[in-house]
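For the sequence shown, position 33 matches number 55 in the numbering used here, and the numbering has no gaps at all.
Note that beta-carbon positions come from the ideal geometry of N, C-alpha and C, so glycine has one too.
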Amino acid sequence: STKGSGSGATVDMVRNATEKVKALDPHLAIDGELQFDAAFAPSVAKTKCQGSCVAGRANTFIFPNINAGNIGYKIAQRLGGFEAYGPILQGLNAPINDLSRGCNAEEVYIMSIITAALK
C-alpha cells in the first residue's frame, strides 16, 4: 500500500510503526506506508505520493515482516548483484540472526561480526 491505497492488518502495522517513529523523532526523514516502487523511483513517487519527504529517494527499506524482508533482500542480492546481509533480528534478550541455506562463507563471517556488534 502507498499512502492508503491498500488496507489490512499488515498495512495498519506499517502505518502504526511509522507514526511511532515520527513521534520519537519528528525531525527524522521517514515516511510510510510506501510500496517499493514509490519509495525508490522518482517517476513513480510523483504519481503516487507527491507530498512525501523521502519518496523516490529512500535509502533504507523496512519490511513489515521477516518473510517480506527475506524476499526483498534476496532479490537485491541475486538480481542486483549487491551484497546483502540479514535478516538482522532485533528486540530479543540476546543477539541472534539468521542465515540463508544459500549463503557463502563470507556471508557467515559478516553476519558473525554484525551479531557480535549487537551485544
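Proximity of Val76 and Ala51 at Cβ, strictly below 7 Å
yes
Sequence-distant residues of the same chain with beta carbon closer than 6 Å to Leu140, five excluded per side:
Pro117
Just checking, does the stretch 105-116 make contact with the stretch 51-69 on the three C-beta pairs under 8 Å criterion?
Taking a cut-off of 8 Å on C-beta distances, the stretch 105-116 does not touch the stretch 51-69, as fewer than three cross pairs fall below it.
Do Lys70 and Ala60 have their C-beta atoms within less than 7 Å of each other?
yes
N-terminal and C-terminal residue of the alpha helix (DSSP H) that Ala145 is part of
Residue 145 is absent from the model: the chain starts at 23 and stops at 141.
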